[in-house]
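For reference, the structure is listed below as structure tokens.
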Amino acid sequence: MTKTVYFTLLLFTLVVPVFGQGPLLTLVNAEKKFAQFSKDSTTKAAFLANLAPDGVTFVKGKVTNGRESLEKSPASPGKLTWQPVAADVSAAGDLGYTTGPWEWRPKSLTDKPTGYGHYVSLWKKQADNSWKVVLDIGISHPAPAAPPVNTIRAATGIRSVTSADTTQNREELLAFDKQFANTLEKSGAATTYKQHLAPQARLYRMNQQPYIEQTAIDQVLKQPVTLAFFPLNAAVAESGDLGYVYGNSQVVTTTGGKAVKQAGNYLRIWKKDSQNQWRIVVDLIALEPVEQTEK
-6 MTKTVYFTLL
4 LFTLVVPVFG
14 QGPLLTLVNA
24 EKKFAQFSKD
34 STTKAAFLAN
44 LAPDGVTFVK
54 GKVTNGRESL
64 EKSPASPGKL
74 TWQPVAADVS
84 AAGDLGYTTG
94 PWEWRPKSLT
104 DKPTGYGHYV
114 SLWKKQADNS
124 WKVVLDIGIS
134 HPAPAAPPVN
144 TIRAATGIRS
154 VTSADTTQNR
164 EELLAFDKQF
174 ANTLEKSGAA
184 TTYKQHLAPQ
194 ARLYRMNQQP
204 YIEQTAIDQV
214 LKQPVTLAFF
224 PLNAAVAESG
234 DLGYVYGNSQ
244 VVTTTGGKAV
254 KQAGNYLRIW
264 KKDSQNQWRI
274 VVDLIALEPV
284 EQTEK
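Heads up, the sequence shown is in the numbering used here, so the first residue is -6 and it goes up one at a time.
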């Protein structure tokens, strides 16, 4: 057992007296069982056992039904391992997310990892009270220099149901995210994100370590990069305090006089603060290989 895994298990043990068997702990335990299943069996079997029937995954920049996609693909001999280092749930306890580092080994757990990255999974409570993954997405990046920091926490922000109409809440959040994208196009990333980021926000960018410190976040948002987002769908918890939007993304940078364009997908998790305002807690952009065009 590595020191990191031991620390994670110790942290979860310490969390028990505080949260009891509440939604956060059951969610974290579901994620841990999911990860263990992947170790003991295959990644394909683990995902088929944990994905919701309508669970969304992303394949080569396209939104897909995760179960249908996996059922058509052969099981890989490689080993995908991961661990949650951050998680949260809605006040209603019906929607939550987990995120943390992943590693890929080509054949067995004894192999040296050949791939690294971070994932984000959205979970929804099912009719039988079990947690199932309704969306899974991630980025790849070089090997981290140090073990990840655990920030498992309980739901914060508003505590009461803002509206029983979850369809209305979903439409409002989708419209809010579209407005965010429009404002970003006009005002730029630094100004727009500053107005909407939560204090504990996490930014995930392809081929880069997660940005979780405010100084690092400020620096990456000031980079001369053009971002574009095209929202496709959204979901909101019954309590109206936690929701997410996903869709297509495009990033354009200029290198050597040429515009380098990358297309892909994005996930943005929004959470209401104590003032009932939507704030970004996770912002992930996953990109496909570059496409170069003349400036």
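Ideal Cβ placement from N, Cα and C applies to all residues, glycine included.
Here the structure is a predicted model, which means the values were calculated and not measured.
One thing to note: ARG261 has its Cβ no nearer than 8 angstroms to the Cβ of VAL244. For TYR239, the enclosing beta strand (DSSP E) stretches over residues 235 to 248. Boundaries around GLU96 are those of the beta strand (DSSP E), 88 to 98, since no alpha helix (DSSP H) includes it. The beta carbons of GLN202 and VAL274 sit no closer together than 8 angstroms. Around SER232, the same chain offers SER83, ALA84, ALA85, VAL154 as residues with beta carbons nearer than 6 angstroms, after the five sequence neighbours per side are excluded. Taken through DSSP and simplified to helix, strand or coil, ASN269 comes out as coil. ASP158 carries a coil assignment under DSSP once its states are collapsed to helix, strand and coil. Residue range 16 to 33 is occupied by the alpha helix (DSSP H) that includes PRO16.
Judged by DSSP in its simplified three-state form, LEU196 adopts strand.
Between THR36 and SER62, the C-beta spacing is not below 8 angstroms.
By the CB criterion at 8 angstroms, TYR112 and GLY131 fall inside the cutoff. Check the Cα spacing between HIS189 and each of THR19, TRP263, VAL49, GLU96: the tightest is with TRP263.
Within the model, the alpha-carbon separation for GLU206 versus TRP124 is close to 30 angstroms. The secondary-structure analysis by DSSP pairs VAL275 across a beta bridge with ARG195, ILE262. Here LEU20 is near THR91, since their CB atoms are less than 8 angstroms apart. Here LEU214 is not near ALA252, since their CB atoms are 8 angstroms or more apart. Within 10 angstroms of the beta-carbon of THR248 lie fewer than 16 other beta-carbons, which makes it exposed. Judged by DSSP in its simplified three-state form, ASN226 adopts strand.
DSSP lists TYR90 as the bridge partner or partners of ASP81. Around the beta carbon of ASP234, a 10 Å sphere encloses 16 or more other beta carbons of the protein chains shown; the residue is thus reported as buried. In this model, VAL126 and TYR197 are separated by some 20 angstroms (Cα to Cα). In the three-state reduction of the DSSP assignment, HIS189 falls in the helix class, which pools H, G and I. The Cβ atoms of GLY108 and SER133 sit closer than 8 angstroms to each other. Secondary structure note for ASP211: its alpha helix (DSSP H) is the uninterrupted segment 207 to 214.
The alpha carbon of PRO141 has as its nearest neighbour, out of ASP129, GLY110, GLN161, the alpha carbon of GLY110. The alpha-carbon separation between ALA120 and SER180 amounts to approximately 43 angstroms.
A Cβ-Cβ contact shorter than 8 angstroms links ALA45 with LYS117. Of the residues PHE27, LEU177, ASN162, the one whose Cα lies closest to the Cα of ASN269 is ASN162. The DSSP-derived three-state label of GLN119 is coil. Within the DSSP secondary-structure output, PHE173 pairs in no beta bridge. By the 16-neighbour rule on beta-carbons within 10 angstroms, ASP81 is buried. LEU128 places its beta carbon 8 angstroms or farther from that of VAL52.
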